[in-house]
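Participant:
Numbering (mature numbering (1 follows the signal peptide of the UniProt record, and there is no 0)), first residue to last: -21 to -1, 1 to 1071.
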């Protein structure tokens, strides 16, 4: 029944979609009476009523068009219900149809869960990754069920998909046939947490006829992955450093000043680099290449000066370093591109010149490097580059100090240092490519004499480099002769014996490489008696005369083509050589397209592969068949030819090293026309080339040399190796190479040392690979192992693992706290002992262990009151490696800079809290300034940075004040009423929180006085006063006392009384009021006849 009903519903839906005003509504069977079904909207004055039928008793319609249920709908389950609603207008009526479908609620689509909840998935996971934490979703109701994962309403993006529970079927839309089947949420693509850390997922489900539906939602958290490398805020940093001592002057008799070398403060900070990690990881820094001058603090990125720049007075220099950043995570990621740091060491003073009585202050300015100068374009003809070594033109200089160099090798030109552009190879317009230009870059260097004083690691500030692009547009010169393109050669054709005049016999075709050629064709010599002519422009050869041509007679013409735009002199033009055109009457044998054929194949040519195509032309337009005949011993059966294609193929495998096989094969190819036609033959020569298929082989698999002194002189012969190759020619020529640059090997296999040997670096022996490589293409190689054993000597000093150590120690560290461990090793194998410079194991509050290199704070009371401490450590070897080694001990030094880390052990303090007595006028607008509070924190860095907030009072709704978290400015958060609930005083508590981890806080409580404003009028205790007065009352008698009060304070609440007469009668003549007390007294005797 249910299935049938759905079909009916679907049909009705399709049928009613076209009826204007019709509505379709699906209802669950258990809705309560009074349930609002639908509303017929209208903008016209109208009234609605429900026409009676079998279903109208279950529903009613209100006058405004609202349809409601009136009773239980269970009797209508699985039945289509049709209602007619009549809309009564002023002058007409309209009919509306309402189609209702009452469905058992159990058959309506619902989900097995109320919410998806929260799930999680790692970022960058591939499409189809399961979201952990989400349940398997199963729908209840009528099946099949259509599941859809909805797109984001704002972006239309769908980062997630659905997967059938027990299969791999995945998509944004899935249809399942059974309630036992469920869906799970998976990713539709890799997710990037840095783009979005959370997504809302909405899943929609509907029955097969889209009558009932439901939806469910949840949140997916994207788990972080270390997929972002640190990125520097800038690609290049520039810092300046000046010496702490500029020079020492000694006055002589003429008050002259003698300049000395500048002094530089070691371990001073010259700048700081900053890199950010999109994953939020902490970043550490290091130098890509260790520097003698600079060291970077790993934790902060600060660059410190640790060496002495070799810069004299009044000289400026530069040092360039590359800094790499990496995140503090395991595994770690490093910055893709290091930051370039340029530190300029400035020692020169501004130049001061005297001119008359005026002192002029000038600062030396450096030239600004533009990097790229404007492109230079010039035009020349092909003839301008006809002589190698010819100077074509000069590049313009901006000053005489500039030198030029071509940046990349160019085929056609080179550039001299003086800027002259020189022809390197004769220019050929036809080989210049489609652009017909010579395009190259030059590097322009401006070097001043002052640069000679700078060391190799310092960049001279007066040394500038520019680049410039040069484009030479080359115009063609008509310098190339034409050439015939007719094939085959020599040119041959036939003429019919009875050919009438102007019969086309042949077409001459020529080409000219020049762009402006003008080709004409001519008969140079006529051996036919004038029987033929050639069209000068088209090259078409035609017959002349009416005489018959004789059978098998050869008619010969000698022809040429001229380029009449390519004049050689007044009488001659560039032309082709004379070519012979042979014309035979009647028939002639086929002609091969070449007079002889040659081919070269490698010895590893595959069997049955094509080698060459040999083709012949039939003048009778007949099919041609080809045969192949071998000449010479050993050639038979090696090749075959396709009888109709003329393609020669290899019939058996070749081996160049097999002495039974020739290296050159001579063959005869014969072309024969079908049906008893003519035949002709041509020679075919096939050469077999050697393939480099044999690798060199050494006589021994490994070679050894023993007891070689490590201090032998460079170039000493140590041993000899030898290899052979079975191939021939260049494939058998051998060159040797070694894998260790300490050694080299010559063409005869003798190995010598290129560098000083060191027994300490290689455990007293060197092991490397010697390679024999032939000169084949591609080359083949063979290898052998070489071991050279050396004798050791104590010739190495200890080496620290770092030149500068930068440990951190908390400021509140106690006695014996570990600071760091310095590590040094001796390549000779000696034992190493550590001390501070001067030979002691203590330095201030620090001690070092001689054997381990461990540095600690000493065991006494500790007071770390500086930002950093500099320690100089020495390492001393004992010469235990070698006989008599103790006579030549060595030392080395390293620097340990101990940075004192601030600890968040001080909370913010409001020092002036007791003095805060602010006042605010009642009625002041919201946001009025109250007071600026200030808290101080004795810690440093973020531990000492303070932010302010208001402390919420118990049982208080909202806060009456706000505070700027950065400045401490306290503002009102409401309009105060002194006479209302706020009262005269309001308490406020401000909290200051530092940014340490964990954070500390301090509070300050003070009272804000709400000052009075005269915003309340006086109020009498009664609205009307009535009193009887005796007629004979004496003057000054107290009649009655009025009383009024004012809620304002002080003067604003002080009251004075006065009398007035609303009717302007004469009552004021008899009474007066005391301003302070409010007593009304008799001022004049009363007259009963006149007053009441």
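Cβ coordinates follow ideal geometry from the N, Cα and C atoms, glycine included.
Please state whether the Cβ-Cβ distance between residue 669 and residue 704 is less than 8 Å.
Facilitator: It is not a contact, given that the beta carbons lie outside the stated cut-off.
Participant: What is the residue span of the beta strand (DSSP E) that residue 777 lies within?
Facilitator: That residue, residue 777, is in no beta strand (DSSP E); it is neither H nor E in DSSP.
Participant: Tell me, to the nearest whole angstrom, how far the beta carbon of residue 719 is from that of residue 806; I am working on the premise that it is less than 8 Å.
Facilitator: That pair is no contact at about 17 Å.
Participant: Drop a sphere of 10 angstroms on the beta-carbon of residue 437, count the other beta-carbons inside from all chains shown, and report buried for 16 or more, exposed for fewer.
Facilitator: The predicted model places residue 437 with a pLDDT of 47, which falls under 50 and marks its position as unreliable; any figure quoted below should be read in that light. Buried is the call here.
Participant: Does DSSP put residue 923 in a helix, a strand or coil?
Facilitator: Of the three classes helix, strand and coil, the one that applies to residue 923 here is helix, per DSSP.
Participant: For residue 1017, collect the residues of the same chain with a Cβ closer than 8 Å to its Cβ; drop the 5 residues on either side in sequence, then sort them by chain order.
Facilitator: Excluding sequence neighbours, residue 1017 sits near 1058, 1059, 1060.
Participant: According to DSSP, simplified to helix, strand and coil, what is residue 361?
Facilitator: Looking at residue 361 - three-state DSSP - the assignment turns out to be helix.
Participant: From the DSSP output, in three-state form, read off residue 682 for me.
Facilitator: In this structure, residue 682 counts as strand in the three-state DSSP scheme.
Participant: DSSP beta-bridge partners for residue 483?
Facilitator: According to DSSP, which records beta bridges pairwise, residue 483 is partnered with 521.
Participant: DSSP beta-bridge partners for residue 536?
Facilitator: DSSP lists 505, 560 as partners of residue 536.
Participant: If contacts are defined as beta-carbon pairs under 8 Å, then residue 987 and residue 965 qualify, I think. What distance do you get, rounded to the angstrom?
Facilitator: At roughly 5 Å, the Cβ-Cβ gap stays under 8 Å, so residue 987 and residue 965 are in contact.
Participant: How far does the beta strand (DSSP E) with residue 745 in it reach, from first residue to last?
Facilitator: Counting along the chain, the beta strand (DSSP E) containing residue 745 begins and ends at 744 to 753.
Participant: Going by DSSP in three states, residue 330 sits in which element: helix, strand or coil?
Facilitator: Confidence at residue 330 is low in this model, with a pLDDT of 39, below 50, so the placement of that residue should be treated as unreliable; the coordinate-derived value is given next. DSSP places residue 330 in strand when its eight states are reduced to three.
Participant: Using three-state DSSP, classify residue 345 as helix, strand or coil.
Facilitator: Only weak support exists for where residue 345 lies, its pLDDT of 42 falling under 50; the coordinates are left without a value.
Participant: Quick check: the Cα distance between residue 530 and residue 549, rounded to an integer number of angstroms?
Facilitator: Going from the Cα of residue 530 to the Cα of residue 549 covers about 44 Å.
Participant: Could you tell me whether the segment 876 to 894 touches the segment 860 to 868, where touching means 3 or more Cβ pairs closer than 8 Å?
Facilitator: No, they do not touch.
Participant: I need the DSSP call for residue 234, collapsed to helix, strand or coil.
Facilitator: In this prediction, residue 234 scores a pLDDT of 45, lower than 50, which makes its location untrustworthy; the coordinate-derived value is nonetheless stated afterwards. If DSSP states are grouped into helix, strand and coil, residue 234 belongs with coil.
Participant: Got a sec? Which residues, its chain only, sit under 7 Å from residue 336 by beta carbon, not counting five neighbours each side?
Facilitator: Bear in mind that a pLDDT of 38 at residue 336, under 50, signals an unreliable position, so the model cannot answer this.
Participant: My output table needs one value for residue 955: the three-state DSSP class, helix, strand or coil.
Facilitator: Looking at residue 955 - three-state DSSP - the assignment turns out to be coil, as it is neither helix nor strand.
Participant: Just how far apart, CA to CA, sit residue 818 and residue 830?
Facilitator: Those two C-alpha atoms are separated by around 14 Å.
Participant: Three Cβ pairs or more, each shorter than 8 Å: is that satisfied between the segment 566 to 581 and the segment 666 to 684?
Facilitator: Yes: at least three Cβ pairs fall under 8 Å.
Participant: Between which two residues does the beta strand (DSSP E) harbouring residue 1010 extend?
Facilitator: From DSSP, residue 1010 is part of no beta strand (DSSP E); its letter is neither H nor E.
Participant: With respect to the beta strand (DSSP E) encompassing residue 128, which residues constitute its N-terminal and C-terminal limits?
Facilitator: Residues 124 to 128.
Participant: Should residue 153 and residue 80 be called a contact, given that it needs their Cβ atoms to be closer than 8 Å?
Facilitator: No, Cβ-Cβ distance for residue 153 and residue 80 is not below 8 Å.
Participant: What first and last residue would you give for the beta strand (DSSP E) that runs through residue 789?
Facilitator: Per DSSP, residue 789 belongs to the beta strand (DSSP E) from 787 to 789.
Participant: Please report how far the alpha carbon of residue 594 lies from the alpha carbon of residue 645, in whole angstroms.
Facilitator: Each residue's Cα considered, the two are about 18 Å apart.
Participant: Span of the beta strand (DSSP E) holding residue 1025?
Facilitator: Counting along the chain, residue 1025 falls outside any beta strand (DSSP E), and DSSP gives it neither H nor E.
Participant: Please tell me whether residue 503 and residue 538 are closer than 8 Å, where the distance is taken between their beta carbons.
Facilitator: Closer than 8 Å, so yes.
Participant: So, for residue 84: in the same chain, excluding its five sequence neighbours on each side, which residues have a beta-carbon less than 8 Å away from its beta-carbon?
Facilitator: Answer for residue 84: 7, 8, 9, listed in chain order.
Participant: How would you call residue 175, buried or exposed, if buried means at least 16 neighbouring beta carbons within 10 angstroms?
Facilitator: So residue 175 ends up on the exposed side.
Participant: Between which residues of its own chain and residue 1031 is the CB-CB distance below 6 Å, once the five residues before and five after are set aside?
Facilitator: Answer for residue 1031: 991, 993, listed in chain order.
Participant: By alpha-carbon positions, which one of 873, 968, 363 ends up nearest to residue 896?
Facilitator: Closest option to residue 896, Cα to Cα, is 968.
Participant: Going by C-alpha distance, which of 1006, 854, 858, 976 is nearest residue 870?
Facilitator: Measuring from the Cα of residue 870, the nearest candidate turns out to be 854.
Participant: In the DSSP assignment, the beta strand (DSSP E) including residue 296 goes from what residue to what residue?
Facilitator: From DSSP, the beta strand (DSSP E) with residue 296 extends over 296 to 306.
Participant: Look at the Cβ atom of residue 928, then the Cβ atom of residue 942, and state whether they are nearer than 8 Å.
Facilitator: The answer is yes: Cβ separation under 8 Å.
Participant: Check for me: the beta strand (DSSP E) holding residue 266 runs from which residue to which?
Facilitator: Looking at the DSSP string, the run of the beta strand (DSSP E) that includes residue 266 is 262 to 266.
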